[in-house]
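Colleague: One structure is given below, represented as C-alpha cells, and several questions about it will come after.
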Amino acid sequence: MNKIIESPFQVNEHGYYGQFGGAFIPEMLYPNIEELRENYLQIIGEADFQEEFRSLLKDYVGRPTPLYFAKRLSESIGAQIYLKREDLCHTGAHKVNNTIGQILLAKRLNKPRIIAETGAGQHGVATATACALMGMECIVYMGSVDIERQKPNVERMKMLGAKVVPAESGSKTLKDATNEAMRHWINNPKDTHYIIGSVVGPHPYPDMVARFQSVISEEIRLQLKEKTGKETPDYVVACVGGGSNAAGAFYHFLDDKEVKLVAAEAAGLGIDSGKSAATTYLGKAGVLHGSKTILMQTEDGQVVEPHSISAGLDYPGIGPIHAHLFDSGRGKFYYVTDQEAMQAGYKLSEIEGIIPAIESAHALAALEKMELKKEDVVVLNLSGRGDKDLATYIKHRK
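Below is the structure:
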C-alpha cells in the first residue's frame with residue numbers, strides 16, 4: 007500500500023491519471039499539501055498503521071461487508087447480480103472506510119482539528135464518527151439546501167459532537183460546501199487536517215482516498231472466488247458523483263481488461279434539461295477544487311450549477327481517476343435521471359427488501375440500460391442505505 011503502482015489507470019509519481027489530476031492550490035496551502043504528499047505513502051504503509059486501520063475496519067466498521075447474490079433482482083434484470091453491501095457499514099455507507107484511514111493519518115501528522123465537507127451527509131456523519139472515536143474537534147461544511155433535505159444526517163453529526171456549518175453561496179450544495187471547507191483550511195493551515203470525502207481535490211487526495219476505499223474491491227475478489235470459483239466478474243457497477251465508492255469498487259480490477267467498469271452519473275431532469283449532473287456528457291477538461299478533471303462549465307470557464315435529486319451526486323465534476331477512465335475508454339458511463347433512479351430504488355426495496363440510498367439507486371438504474379446476458383456476473387456496489395433519503399422517497403411517491 008506504500009508504493010506508487012505502475013499501471014496506466016493508477017496515479018503516476020507526479021499525481022496524474024493520464025492528463026488529469028495534479029495539485030492546483032493557493033500558495034498558502036502548499037505546505038499542507040506537500041507535508042501530506044511527502045508522508046502519506048510511508049505512514050499508511052507502516053505495519054502499526056495497517057494493524058490499527060484493519061482492526062478498526064473489522065471490529066468498528068463491521069468489515070468485511072457481505073457480497074449478496076440478489077436472486078429476484080437477477081431474475082428481473084436477466085443476469086447474475088451480486089450486491090456489495092457497503093450500506094451495512096457502521097454509519098450506513100462506504101464513507102467510513104476513508105474517514106477511519108484519514109483520522110489515523112491526521113493523528114500521526116499531529117493535526118488535532120478536523121474539517122470536512124459533505125453533500126448527502128454520509129461523509130459528514132462518517133467524519134464526525136471518526137472524530138468522536140478519537141476525541142478530535144470536528145467541523146463539517148454542508149450546503150444549506152442539503153442541510154434541509156438531509157436533516158437526519160445533520161442531527162446525527164451534531165449528536166456525535168460535530169459543528170455543522172451551512173454553506174450559503176452558489177447552489178448551496180456540495181460544491182459550495184467544498185469551497186467553504188477549502189477557505190477554512192487556508193486560514194487554519196497548521197493544526198487542521200481536511201478530510202476530503204471523495205476522490206477529488208489536489209494530489210495526493212484522490213490517490214489516498216482511493217487506497218482507503220480499495221478494501222471494497224479487495225473483498226469483492228475474495229468473496230466472489232468463494233461464491234463462483236472465479237474472482238473477477240464480467241462487470242463492476244457503481245454510481246459516480248466525485249466517485250469514491252466507484253474508485254474503491256474498481257481499484258483492484260483496473261488492470262483486468264476483461265472486467266468492464268461501469269459508472270452511473272446523475273442526469274437529473276435529463277442531460278439536456280439544464281438541470282443535470284452528467285459531467286462526462288456535459289463537461290470538458292478544467293480545474294475544480296485543486297485538480298484537473300472533467301467538469302461542467304460555461305464557454306468562459308464558469309462552473310455550471312449541477313442538479314440531482316441525490317445530494318451525494320449533486321457535483322459539477324468527477325474525480326480525476328474517473329475522468330481518465332472515461333477519456334481512455336476503460337470505463338463505460340451511463341446517465342440516469344432522477345425518475346429512473348427513484349424507480350430503481352423502489353424496485354430494490356420491493357423485490358429484495360433493501361432500501362438503497364438514492365446515490366446507489368442510480369447504479370441500480372444503470373442495470374436496466376446495460377446489454378446483459380443471463381450468464382453475466384455483475385457486482386454492483388451498494389454504497390449506502392436509504393434511511394437518510396426516506397423523506398425524499400415519500401415526497402416523490404405522492
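Adding 6 to a residue's 1-based position in the sequence shown gives its number in this note's numbering. Cβ coordinates follow ideal geometry from the N, Cα and C atoms, glycine included.
1) Among the candidates L386, R391, I300, whose CA atom is the shortest distance from the CA of F26?
2) Measure how close the beta-carbons of L63 and V221 come, nearest whole angstrom, since I'm counting them as under 8 Å.
3) Rounded to the nearest angstrom, what separates V342 and G107 at their Cα positions?
4) By Cβ distance, which residues of its chain are closer than 7 Å to E174, with the 5 residues on each side in sequence left out?
5) Tell me the residue span of the alpha helix (DSSP H) that contains V215.
6) Distance, Cα to Cα, G24 vs G337?
7) Does the beta-carbon of P239 have 16 or more other beta-carbons within 10 angstroms, so that it is buried, or is it exposed?
8) Quick one: what does DSSP say A284 is sitting in, helix, strand or coil?
9) Using a Cβ-Cβ cut-off of 8 Å (strictly less than) and excluding sequence neighbours within five positions of G68, which residues of its own chain qualify?
10) List the endpoints of the continuous beta strand (DSSP E) containing T198.
11) In this structure, how does DSSP classify M302 when only helix, strand and coil are distinguished?
12) In the DSSP assignment, find the beta strand (DSSP E) that holds Y88 and state where it starts and stops.
13) Over the uninterrupted alpha helix (DSSP H) stretch that includes F256, give me the two end residues.
14) Kindly indicate which residue of R60, E143, A347, V268 has the alpha-carbon position closest to the one of L275.
15) Here's the rule: buried if 16 or more other CB atoms are within 10 angstroms of the residue's CB, otherwise exposed. What is L396?
16) By the three-class DSSP mapping on this structure, what secondary structure does L267 have?
Modeller: Put simply:
1) Here residue 26 corresponds to residue number 20 of the sequence shown, with the count starting at 1. Taking only the C-alpha atoms, the option nearest F26 is I300.
2) Reading the sequence shown from its first residue, position 57 is the one you call residue 63. Reading the sequence shown from its first residue, position 215 is the one you call residue 221. Indeed, because the Cβ distance is near 6 Å, the residues count as touching under 8 Å.
3) Here residue 342 refers to the residue found at position 336 of the sequence shown. Here residue 107 refers to the residue found at position 101 of the sequence shown. Their Cα atoms are separated by approximately 31 Å.
4) As a first step, residue 174 is located in the sequence shown; it is residue number 168 there, counting from the start. The answer, listed in chain order, is S150.
5) Reading the sequence shown from its first residue, position 209 is the one you call residue 215. Unbroken alpha helix (DSSP H) run through V215: 211 to 219.
6) Reading the sequence shown from its first residue, position 18 is the one you call residue 24. Reading the sequence shown from its first residue, position 331 is the one you call residue 337. When rounded, the distance between both Cα atoms is 14 Å.
7) Start at 1 with the first residue of the sequence shown, and residue 239 comes out as number 233. Buried.
8) If you number the sequence shown from 1, residue 284 lands on position 278. A284: coil per DSSP, three-state reduction.
9) For the purposes of this step, residue 68 is taken as the residue at position 62 of the sequence shown. Excluding residues within five positions, the ones whose Cβ falls inside 8 Å are L94, C95, H96.
10) For the purposes of this step, residue 198 is taken as the residue at position 192 of the sequence shown. Per DSSP, T198 belongs to the beta strand (DSSP E) from 198 to 201.
11) Against the sequence shown, residue 302 aligns to sequence position 296. Three-state DSSP puts M302 in coil, outside helix and strand.
12) Along the sequence shown, read from residue 1 onward, the residue named residue 88 stands at position 82. Start and end: 86 to 91.
13) Position 250 of the sequence shown, counted from the start, is the residue given in the question as residue 256. Taken as a continuous stretch (DSSP letters only), the alpha helix (DSSP H) holding F256 covers 250 to 256.
14) Stepping through the sequence shown from its first residue, residue 275 is reached at position 269. The shortest Cα separation from L275 among R60, E143, A347, V268 belongs to A347.
15) Numbered from 1 along the sequence shown, position 390 holds the residue referred to as residue 396. So L396 ends up on the exposed side.
16) Looking up residue 267 in the sequence shown gives position 261. Note: L267 maps to strand in three-state DSSP.
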